[in-house]
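Enquirer: Keeping their order, the protein sequence lines are chains A and B.
Here the working numbering is used: position 240 in the first sequence is 372, and no number is missing along the way.
Here the working numbering is used: position 205 in the second sequence is 252, and no number is missing along the way.
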Amino acid sequence: SLGKSLNSAITKVLRRGPVDADLIRELKNDIFKALLEADVEINVASEVVNRVEQRSLSEKLPPGLERNKAVINIVYEELTKIMGDRAYPLNIQKGKTNIIMVVGIQGSGKTTTIGKLANFLKKQKWNVGLVCTDTWRPGAYEQLLQLGTNAGVDVFGDPKQKNAIKLATKGVKEFKKSGKDVIIVDTAGRHKEETELIKEMKKLDKKLHPDEIILVIDGTLGQVAKKQALEFKKATDIGSIIVTKLDGTAKGGGAISASVSTGAPIKFIGTGEGLDDFEPFDPKKFVGRILG
Amino acid sequence: KQLDEKSLKEPIQELIELMIANEVAVEVATEIGERVKRELIEAGTEQERFKDVRPLLREALRKAIKEVITPPGGGIDLFEEIRKKREEGDPYVIVMEGINGTGKTTTMAKLAHKFQKAGFSVVFAASDTFRAGAIDQLSKHGEKLGIKTIKHQQGGDPTAVAIDALDHAYAKGIDVVMVDTAGRMQNNDNLIRELKKVVDKTEADMRIFVGDSLAGNDVIRQAREFADRVGVDAVIMTKADSDVKGGAVLSVAHTVGKPILYLGVGQGYDDLQEFDADFLVDQILP
Ligand SMILES: Nc1nc2c(ncn2[C@@H]2O[C@H](COP(=O)(O)OP(=O)(O)OP(=O)(O)O)[C@@H](O)[C@H]2O)c(=O)[nH]1
Ligand SMILES: Nc1nc2c(ncn2[C@@H]2O[C@H](COP(=O)(O)OP(=O)(O)OP(=O)(O)O)[C@@H](O)[C@H]2O)c(=O)[nH]1
Ligand SMILES: [Mg+2]
Ligand SMILES: [Mg+2]
Numbered sequence: 133s134l135g136k137s138l139n140s141a142i143t144k145v146l147r148r149g150p151v152d153a154d155l156i157r158e159l160k161n162d163i164f165k166a167l168l169e170a171d172v173e174i175n176v177a178s179e180v181v182n183r184v185e186q187r188s189l190s191e192k193l194p195p196g197l198e199r200n201k202a203v204i205n206i207v208y209e210e211l212t213k214i215m216g217d218r219a220y221p222l223n224i225q226k227g228k229t230n231i232i233m234v235v236g237i238q239g240s241g242k243t244t245t246i247g248k249l250a251n252f253l254k255k256q257k258w259n260v261g262l263v264c265t266d267t268w269r270p271g272a273y274e275q276l277l278q279l280g281t282n283a284g285v286d287v288f289g290d291p292k293q294k295n296a297i298k299l300a301t302k303g304v305k306e307f308k309k310s311g312k313d314v315i316i317v318d319t320a321g322r323h324k325e326e327t328e329l330i331k332e333m334k335k336l337d338k339k340l341h342p343d344e345i346i347l348v349i350d351g352t353l354g355q356v357a358k359k360q361a362l363e364f365k366k367a368t369d370i371g372s373i374i375v376t377k378l379d380g381t382a383k384g385g386g387a388i389s390a391s392v393s394t395g396a397p398i399k400f401i402g403t404g405e406g407l408d409d410f411e412p413f414d415p416k417k418f419v420g421r422i423l424g
Numbered sequence: 048k049q050l051d052e053k054s055l056k057e058p059i060q061e062l063i064e065l066m067i068a069n070e071v072a073v074e075v076a077t078e079i080g081e082r083v084k085r086e087l088i089e090a091g092t093e094q095e096r097f098k099d100v101r102p103l104l105r106e107a108l109r110k111a112i113k114e115v116i117t118p119p120g121g122g123i124d125l126f127e128e129i130r131k132k133r134e135e136g137d138p139y140v141i142v143m144e145g146i147n148g149t150g151k152t153t154t155m156a157k158l159a160h161k162f163q164k165a166g167f168s169v170v171f172a173a174s175d176t177f178r179a180g181a182i183d184q185l186s187k188h189g190e191k192l193g194i195k196t197i198k199h200q201q202g203g204d205p206t207a208v209a210i211d212a213l214d215h216a217y218a219k220g221i222d223v224v225m226v227d228t229a230g231r232m233q234n235n236d237n238l239i240r241e242l243k244k245v246v247d248k249t250e251a252d253m254r255i256f257v258g259d260s261l262a263g264n265d266v267i268r269q270a271r272e273f274a275d276r277v278g279v280d281a282v283i284m285t286k287a288d289s290d291v292k293g294g295a296v297l298s299v300a301h302t303v304g305k306p307i308l309y310l311g312v313g314q315g316y317d318d319l320q321e322f323d324a325d326f327l328v329d330q331i332l333p
């Protein structure tokens with residue numbers, strides 16, 4: 133695991149006696165490798181280890197084995213710093229109709245996550261409605277309908293309607309009438325090369341004026357995470373990120389890179405396929421996962 | 048003078064980092080890079096003094112990458128394999144496997160479309176009996192393609208559906224049985240066992256690992272576990288139409304040592320592209 137390799141890297145280097153620039157550089161390379169193995173984007177990773185190197189050389193480190201702990205702590209601090217040091221809530225307020233739009237690459241887990249988010253919000257006494265605007269994927273509406281029904285919330289969709297914008301406006305209109313205070317809009321998967329789909333997403337944003345746009349990111353996403361997220365951010369104002377599939381073995385470094393580069397905080401994580409496999413983001417726990 | 052550790056250490060590290068930036072898993076980039084360095088040193092390779100070692104190193108690395116993604120026995124001719132089975136009077140059974148959301152169901156539909164164009168008959172087994180909308184999704188593909196989908200109740204036994212489809216194929220003389228399975232994390236023992244049962248009971252002829260080209264280092268853990276615990280005969284990497292260099296393809300090829308059948312390059316039935324090894328080498332190490 134990353135933690136094991138990181139820990140042994142630090143132990144091996146610092147056991148060798150007084151800390152000097154060469155030892156720290158060797159340690160820096162090992163930490164760099166460990167971060168890359170966690171899928172942290174290469175430039176983000178090198179910035180982090182450069183800061184770790186700087187601090188390890190300039191700060192007064194304690195002697196002996198305490199030195200280990202001090203360096204691990206510096207790595208831990210530098211990572212939590214880029215993750216944001218606290219949990220951010222969703223941009224929704226009681227007393228109005230809030231619209232959340234969910235976007236992301238194909239298969240990242242948007243539809244499943246919306247079911248979980250709906251379940252989470254319903255438990256907090258929000259009156260939730262789900263709108264399916266995915267006109268591309270066969271069975272998209274049936275999937276959202278089943279998830280929404282399991283969560284005990286209403287779902288709007290129309291598999292015969294091929295215009296996503298029309299679906300979005302009709303769904304929001306109906307749910308506003310029926311008094312929903314949170315409307316979550318599911319969209320088709322898309323990546324930045326699909327210019328027509330990116331255009332559709334921009335149009336949806338313009339029509340809906342969402343209170344929050346959530347980018348769902350697959351926990352297994354690798355080096356490409358940063359540039360993919362930046363393109364989504366360029367097209368629409370991504371307010372937050374949800375990272376999925378962290379019940380697998382992925383470390384989630386891609387999602388961290390996406391968050392760091394777009395400035396959008398990670399607000400929740402997905403840890404399975406069930407409605408309850410959903411947690412508010414905890415930066416300390418996440419870094420702990422990266423460091424093992 | 049002879050190439051040695053000292054002259055190669057930094058240049059190989061540069062190339063390893065370039066491979067990582069081009070999406071190759073750290074473990075794979077490091078193994079291939081270190082192996083090439085070792086082989087050059089052991090071969091006593093010589094080079095003119097003061098000449099830059101990088102072009103030589105790059106060429107050796109490109110050759111090594113090409114070897115990894117070109118399987119020793121050559122590729123698999125799926126159409127030929129199906130024909131052979133048909134002559135023996137048996138349907139050819141294909142099982143799609145992989146973690147959640149990689150594109151198994153969509154890829155299965157694309158493959159089915161290819162088989163139909165080649166004149167083969169196909170039946171679908173909706174063995175993802177778990178996920179919301181999974182049976183609907185596959186059935187809709189089946190309707191569009193004119194392929195029958197064998198399905199049971201949601202929550203039913205995936206193996207029973209696959210066997211049912213196999214029986215149907217024998218009864219109707221269908222050439223290919225395609226089994227769609229639920230996505231599952233490779234560290235979920237129960238689900239891995241469930242998949243192994245489907246593969247064993249149907250005596251699958253072709254177990255296709257479907258991987259996501261956007262995935263990072265985790266793709267090698269996925270491929271390794273599926274290959275070791277369920278079995279993989281070939282690989283299809285999807286979403287290659289997104290802005291990727293393709294390092295993940297190398298990572299999987301290196302890990303399972305099986306042929307890359309196709310790349311998924313979009314969401315339509317024709318978006319399945321023959322794998323071009325030379326093109327991938329140029330992408331990873333231009
Ligand atoms: N194990 C696990 N699976 C997940 C998680 N989140 C989503 N999934 C699964 O990932 C797969 C894809 O999820 P979807 O919700 O269909 O993804 P999507 O982004 O809506 O896909 P498209 O609409 O096609 O772009 C499904 O099998 C989900 O059950 C998670 O946190 N853990
Ligand atoms: N752009 C692009 N999208 C793809 C490709 N292959 C699949 N997809 C999309 O990826 C999403 C997930 O595809 P599925 O076929 O549902 O994936 P799956 O592996 O069956 O998912 P689960 O059964 O939930 O594990 C869908 O939106 C597909 O259209 C591809 O090659 N390129
Ligand atoms: Mg979806
Ligand atoms: Mg599927």
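Even glycine gets a Cβ: it sits at the ideal position worked out from N, Cα and C.
Quick caveat, the model's predicted, so the values are computed rather than measured.
#1: Span of the beta strand (DSSP E) holding R269/A?
#2: Do we get a CB-CB distance below 8 Å when we pair T245/A with the residues of chain B?
#3: Going by other Cβ atoms of all chains shown within 10 Å of its Cβ, with 16 needed for buried, is F410/A buried or exposed?
#4: Have a look at F400/A, N259/A, G380/A and I297/A and flag the residue whose alpha-carbon is nearest the alpha-carbon of I373/A.
#5: Could you tell me whether the segment 187 to 201 of chain B touches the segment 119 to 136 of chain B, where touching means 3 or more Cβ pairs closer than 8 Å?
#6: Pick out every residue whose C-beta is nearer than 7 Å to a heavy atom of ligand 4: which are they, in chain order?
#7: Using a cut-off of 8 Å between C-beta atoms, extract the partners of V73/B located in chain A.
#8: How about L299/A and V263/A: do their beta carbons lie closer than 8 Å?
#9: Cβ of T394/A versus every heavy atom of ligand 2: is any distance shorter than 7 Å?
#10: Cutting at 7 Å between CB atoms, please list the residues of its own chain near G313/B, excluding the five before and the five after it.
#11: Output, in chain order, the set of chain A residues within a Cβ distance shorter than 9 Å of K286/B.
#12: Would you mind stating whether T249/B and A209/B have Cβ atoms separated by less than 8 Å?
#13: Under the rule that 16 or more other beta-carbon atoms within 10 Å means buried, what is G280/A, buried or exposed?
#14: Among V303/B, T285/B and I331/B, which one has its Cα closest to the Cα of K151/B?
#15: Going along the chain, which residues of the segment 176 to 197 of chain B sit with their C-beta nearer than 9 Å to a C-beta in chain A?
#16: According to DSSP, which residues form a beta bridge with A232/A?
#17: Rounded to whole angstroms, what's the CA-CA distance from V245/B to G202/B? Just pull it up for me.
#18: Between the beta-carbon of G294/B and the beta-carbon of I331/B, is there less than 8 Å?
#19: According to the Cβ coordinates, are V348/A and G236/A closer than 8 Å?
#20: Name, going along the chain, the residues of the segment 91 to 113 of chain B whose beta-carbon falls closer than 9 Å to a beta-carbon of chain A.
#21: I need the DSSP call for V356/A, collapsed to helix, strand or coil.
#22: Please list, in chain order, the chain B residues whose beta carbon lies closer than 7 Å to that of P270/A.
#23: What are the partner residues of I156/A, as DSSP defines its beta bridges?
#24: So Q269/B is in the beta strand (DSSP E); what residue range does that whole segment cover?
#25: Return the residue from the list V142/B, T117/B, D175/B and G220/B that minimises the CA-CA distance to H199/B.
#26: Just the C-alpha distance for N205/A and R421/A, rounded to the nearest angstrom, thanks.
#27: How would you call H323/A, buried or exposed, if buried means at least 16 neighbouring beta carbons within 10 angstroms?
#28: Tell me the DSSP secondary structure of P194/A in three-state form.
#29: Suppose you measure from the CA of N234/B to the CA of F177/B; what does that come to, to the nearest Å?
#30: If you reduce the DSSP assignment to three classes, tell me which class E289/B lands in.
#31: Residues in the segment 357 to 388 of chain A with C-beta within 9 Å of chain B's C-beta atoms, listed in sequence order?
#32: Between Q278/A and chain B, is any beta-carbon pair separated by less than 8 Å?
#33: According to DSSP, what are the bridge partners of F171/B?
#34: Closer than 5 Å between the C-beta and any heavy atom of ligand 3: which residues qualify, listed along the chain?
#35: Please report the distance separating the alpha-carbon of K157/B from that of E344/A.
#36: My assumption, with CB atoms under 8 Å, is that P306/B sits in contact with G122/B. Please give the rounded CB distance.
Expert: Inspection of the coordinates gives the following:
#1: It is not in any beta strand (DSSP E) - R269/A carries neither H nor E in the DSSP assignment.
#2: no
#3: buried
#4: F400/A
#5: no
#6: K151/B, T152/B, D175/B, R178/B, A181/B, Q184/B, D227/B, A229/B and G230/B
#7: K165, L168 and E169
#8: yes
#9: no
#10: D288
#11: I237, Q238, G239 and H323
#12: yes
#13: buried
#14: T285/B
#15: F177, R178, A179, G180, A181, I182, D183, Q184, L185, S186, K187, H188, E190 and K191
#16: The residue you asked about is not Ala; residue 232/A is Ile in the sequence shown. DSSP lists I316/A and E344/A as partners of I232/A.
#17: 15 Å
#18: yes
#19: yes
#20: none
#21: coil
#22: Q184, K187 and H188
#23: DSSP, once it has assigned bridges, lists no residue as partnering I156/A.
#24: Not the beta strand (DSSP E): Q269/B falls in the alpha helix (DSSP H), residues D265 to R276.
#25: D175/B
#26: 15 Å
#27: buried
#28: coil
#29: 18 Å
#30: Note that residue 289/B is Ser in the sequence shown, not Glu. Coil at S289/B, not helix or strand.
#31: A357, K359, Q360, E363, T376, K377, D379, G380, T381, A382, K383, G385 and G386
#32: yes
#33: T196/B and M225/B
#34: K242/A and T243/A
#35: 36 Å
#36: 5 Å
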